[in-house]
Amino acid sequence: MAQRFITLILLLCSALLVPHSAQASLFGESSSFGQKSSQSRFIPVDKAFAFDFRQQGDQLTLSWQIHPDYYLYRQQIKIEPQHATLGAFTLPEGIAHHDEFYGEVAIFKQQLVLKIPISQAAEGASVSVTYQGCAAAGFCYPPEVRVVPLNAIIASSAATVNPQGAAQPTHDSAPVPAELPFSPLWALLIGIGIAFTPCVLPMYPLISAIILGREKPHSQRRILILAVVYVQGMALTYTLLGLVVAAAGLQFQAALQHPYVLIGLSVLFVLLALSMFGLYSLQLPSSLQTRLVQWSSSQRGGSLAGVFAMGALAGLICSPCTTAPLSAILLYIAQSGNMLAGGGTLYLYALGMGIPLVVVTLFGNKLIPRSGPWMQYVKEAFGFVILALPVFLLERVLGDVWGLRLWSLLAIAFFGWAFVLSLKTHSGWARALQLLLLAALLIAARPLQDWAFNGNTQQVEIKHLSFQPVANLPQLQAALAQAQGKPVMLDLYADWCVACKEFEKYTFSDSHVQRQLADTVLIQADVTSNSAEHAAMLKELKVLGLPTILFFDAQGKEVPAARVTGFMNATEFLAHLQQTMPR
Numbered sequence: 001m002a003q004r005f006i007t008l009i010l011l012l013c014s015a016l017l018v019p020h021s022a023q024a025s026l027f028g029e030s031s032s033f034g035q036k037s038s039q040s041r042f043i044p045v046d047k048a049f050a051f052d053f054r055q056q057g058d059q060l061t062l063s064w065q066i067h068p069d070y071y072l073y074r075q076q077i078k079i080e081p082q083h084a085t086l087g088a089f090t091l092p093e094g095i096a097h098h099d100e101f102y103g104e105v106a107i108f109k110q111q112l113v114l115k116i117p118i119s120q121a122a123e124g125a126s127v128s129v130t131y132q133g134c135a136a137a138g139f140c141y142p143p144e145v146r147v148v149p150l151n152a153i154i155a156s157s158a159a160t161v162n163p164q165g166a167a168q169p170t171h172d173s174a175p176v177p178a179e180l181p182f183s184p185l186w187a188l189l190i191g192i193g194i195a196f197t198p199c200v201l202p203m204y205p206l207i208s209a210i211i212l213g214r215e216k217p218h219s220q221r222r223i224l225i226l227a228v229v230y231v232q233g234m235a236l237t238y239t240l241l242g243l244v245v246a247a248a249g250l251q252f253q254a255a256l257q258h259p260y261v262l263i264g265l266s267v268l269f270v271l272l273a274l275s276m277f278g279l280y281s282l283q284l285p286s287s288l289q290t291r292l293v294q295w296s297s298s299q300r301g302g303s304l305a306g307v308f309a310m311g312a313l314a315g316l317i318c319s320p321c322t323t324a325p326l327s328a329i330l331l332y333i334a335q336s337g338n339m340l341a342g343g344g345t346l347y348l349y350a351l352g353m354g355i356p357l358v359v360v361t362l363f364g365n366k367l368i369p370r371s372g373p374w375m376q377y378v379k380e381a382f383g384f385v386i387l388a389l390p391v392f393l394l395e396r397v398l399g400d401v402w403g404l405r406l407w408s409l410l411a412i413a414f415f416g417w418a419f420v421l422s423l424k425t426h427s428g429w430a431r432a433l434q435l436l437l438l439a440a441l442l443i444a445a446r447p448l449q450d451w452a453f454n455g456n457t458q459q460v461e462i463k464h465l466s467f468q469p470v471a472n473l474p475q476l477q478a479a480l481a482q483a484q485g486k487p488v489m490l491d492l493y494a495d496w497c498v499a500c501k502e503f504e505k506y507t508f509s510d511s512h513v514q515r516q517l518a519d520t521v522l523i524q525a526d527v528t529s530n531s532a533e534h535a536a537m538l539k540e541l542k543v544l545g546l547p548t549i550l551f552f553d554a555q556g557k558e559v560p561a562a563r564v565t566g567f568m569n570a571t572e573f574l575a576h577l578q579q580t581m582p583r
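Under UniProt numbering, the first residue of the sequence shown is numbered 1, with each subsequent residue one higher.
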């Protein structure tokens, strides 16, 4: 009996230790629990972007402490003085960031500090600071506005005054370079591959002899140094080319993202690729090539300075096999506008071309493969590599569906070309290779098969959900009253919310999601302008940021457990609807 009594006491004590939220869910108090769980993974905006300011004399300091996994948009930061004049200041360039819907943008992480000179400030002057940011997990906050009071400052002739009385944070004067979607290390592999083309590999023994000169035999250490110096001279030329082209591309980066420019660049890439297939030859004019060769020949082989100069000049002498790949890489770099990646990519490309030369110079012709048709095949293979670049660019213009079809066409062409080449070999392993190539060709053709044989279903435009728009709380309340006993879904949307666009593209377009919502009244509030009415509605609905989706039952009351905060893909959203959606 005593043992049972003690067990009962222990059970009662353990029940008291259960957290309140768990008790609420056990005993039916799901409202507060559901609302808390839907937003618990995102923090309030003041914690995500802790803003502070300090004025010391005529110097105003604005600072943001940015929480890990959160970021501020550079272009969303606006500084507007009231009854004051601010001097010119520079907004840092930020970190390059790719948004699927907004392209290349700049963001700030961890910390941002701005020091702004105050030229003049009247009594009661202030500065309005606007900023907006997102969480990396797919959640964006509405633009925040903070009013910073200023101490009075008498105008000084020493300060740099903006006559309009507004700060100039050089949003557009410092373009942000884009990250290259392909690693620059690919340039190293391309350079090594170009070394085995018919225009380059046979020249290496001759170049090796010119590097060593006619002096007495060198030691292996000296030979290695001379070969490396030659390659570094060549790499210097290519690196400078990369820096110049990337710098030019940075200045015109906005123009280089225009669809017409992307199409023009794609046509150029195709023309360059055709030269790799032997349709025509691309190289420097013969007169210029002759002059460069004469300058190179006048250098003394065997000396470090002479060999370095030879390498630098060799970088300018483009053979028919190297002109097209080099031009393609330069155009690719210009389109990105990234100087660091541009110079590094060309350096690695030259280094890749130079590695076989160093080997030949050290060990002689013994390690060079015999010349043959295989070198022409290597050249043609690089034609397909160049053809991948226009597909990458056109994908931005035509969209994902047509991009997939272009990749499919390119893969079919490559595997078909490789299969035809494999027919020239009759060994046993060639048969296995042919089967693999045929299998790869069939797999690559699948997107085109779906397009060709299911044209009637695929050509139908994807059906999107039809929402009833509301702009404020009274309109929302009226829409809920008119729902006629049906459940309601309210989607809070804004153009500055990337995840909201992802919801539209990937989640709301799903046929299973649409069927699940067939008997639901769909309402959408577009709060892009973040007006006072929008702010009041978000506050009343206790919305931290976007995307947020609310569900209301047939009586017009919100179902907190069904609230969605942050992005969900179609599968997750469908499961969420099936579990929590009001009936």
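All residues carry an ideal CB built from backbone N, CA and C; glycine is no exception.
Identify the continuous alpha helix (DSSP H) that holds residue i and give its terminal residues.
| i | result |
| --- | --- |
| Gly-133 | Note, Gly-133: premise wrong, no alpha helix (DSSP H); beta strand (DSSP E) at 133-135. |
| Glu-533 | 532-540 |
| residue 591 | Nothing about residue 591 can be reported from this structure: the residues present for the chain run from 1 to 583 only. |
| His-576 | 570-580 |
| Ile-192 | 185-194 |
| Val-267 | 259-276 |
Taking just the CA atoms, how far does residue j sit from residue i?
| i | j | result |
| --- | --- | --- |
| Phe-196 | Gly-138 | 47 Å |
| Thr-580 | Gln-132 | 31 Å |
| Asp-553 | Val-488 | 7 Å |
| Ala-483 | Leu-550 | 15 Å |
| Phe-382 | Phe-392 | 16 Å |
| Leu-574 | Val-559 | 17 Å |
| Ala-388 | Leu-546 | 37 Å |
| Pro-143 | Gly-485 | 35 Å |
| Ala-96 | Leu-404 | 26 Å |
| Gln-434 | Arg-563 | 55 Å |
| Ala-334 | Leu-268 | 13 Å |
| Glu-93 | Leu-394 | 28 Å |
| Ala-438 | Pro-325 | Correcting the residue type first, residue 438 is Leu in the shown sequence and not Ala. So the two alpha carbons sit approximately 28 Å from each other. |
Would you mind reading off the limits of the beta strand (DSSP E) that contains residue i?
| i | result |
| --- | --- |
| Phe-552 | 548-552 |
| Tyr-70 | 70-73 |
| Glu-144 | 144-149 |
| Ile-153 | Unbroken run through Ile-153: none, as it is neither H nor E. |
| His-83 | 78-86 |
Can you tell me whether DSSP reads residue i as helix, strand or coil?
| i | result |
| --- | --- |
| Cys-497 | coil |
| Arg-221 | helix |
| Ala-158 | The predicted model places Ala-158 with a pLDDT of 38, which falls under 50 and marks its position as unreliable; any figure quoted below should be read in that light. It is coil, neither helix nor strand. |
| Asp-46 | helix |
| Ser-489 | It should be noted that the sequence gives Met, not Ser, for residue 489. In the structure shown, Met-489 sits in a strand (DSSP, three-state: E or B). |
| Glu-100 | coil |
| Trp-108 | Checking the sequence shown, residue 108 turns out to be Phe, not Trp. Three-state result, Phe-108: strand. |
| Ser-466 | coil |
| Ala-248 | helix |
| Ser-25 | Its pLDDT being 33, under 50, Ser-25 is placed unreliably in this model, and the value from its coordinates should be taken loosely. The answer is helix: DSSP assigns Ser-25 an H, G or I state. |
Buried or exposed, going by whether 16 or more other CB atoms sit within 10 Å of the CB of residue i?
| i | result |
| --- | --- |
| Ala-411 | buried |
| Phe-101 | exposed |
| residue 584 | As shown, the chain starts at 1 and ends at 583. That puts residue 584 outside it, with no answer to give. |
| Thr-425 | exposed |
| Trp-429 | exposed |
| Tyr-260 | exposed |
| Ile-329 | buried |
| Phe-308 | buried |
| Ala-136 | exposed |
| Phe-363 | exposed |
| Leu-340 | exposed |
| His-512 | exposed |
| Leu-272 | buried |
| Gln-39 | Unreliable positioning characterises Gln-39 in this predicted model, as indicated by a pLDDT of 48, which lies under 50. The coordinate reading is nonetheless provided below. Per the 10 Å Cβ criterion, buried. |
| Pro-356 | buried |
| Ala-84 | buried |
Does residue i have its Cβ less than 8 Å from a Cβ in chain B?
| i | result |
| --- | --- |
| Leu-544 | The structure shown contains no chain B, having only a single protein chain. |
Check: Is it a yes or a no for the segment 513-524 touching the segment 485-499, going by three-plus beta-carbon pairs under 8 Å?
Finding: Because the criterion of three Cβ pairs below 8 Å is met, the segment 513-524 and the segment 485-499 touch.
Check: If you pair each beta-carbon of the segment 121-128 with each one of the segment 70-77, do three or more pairs fall below 8 Å?
Finding: Verdict: no, contact absent.
Item checked: Three CB pairs or more closer than 8 Å across the segment 339-348 and the segment 227-243 -> In short, these stretches touch, since the Cβ pair count reaches three.
Notebook entry, point to check: Does the pairing of the segment 472-482 with the segment 438-447 give three or more beta-carbon distances under 8 Å?
Noted result: The segment 472-482, when compared against the segment 438-447, does not touch it at the 8 Å Cβ threshold.
Item checked: At least three beta-carbon pairs within less than 8 Å, the segment 104-114 to the segment 56-72 -> In this structure the segment 104-114 touches the segment 56-72; the number of beta carbon pairs closer than 8 Å is three or more.
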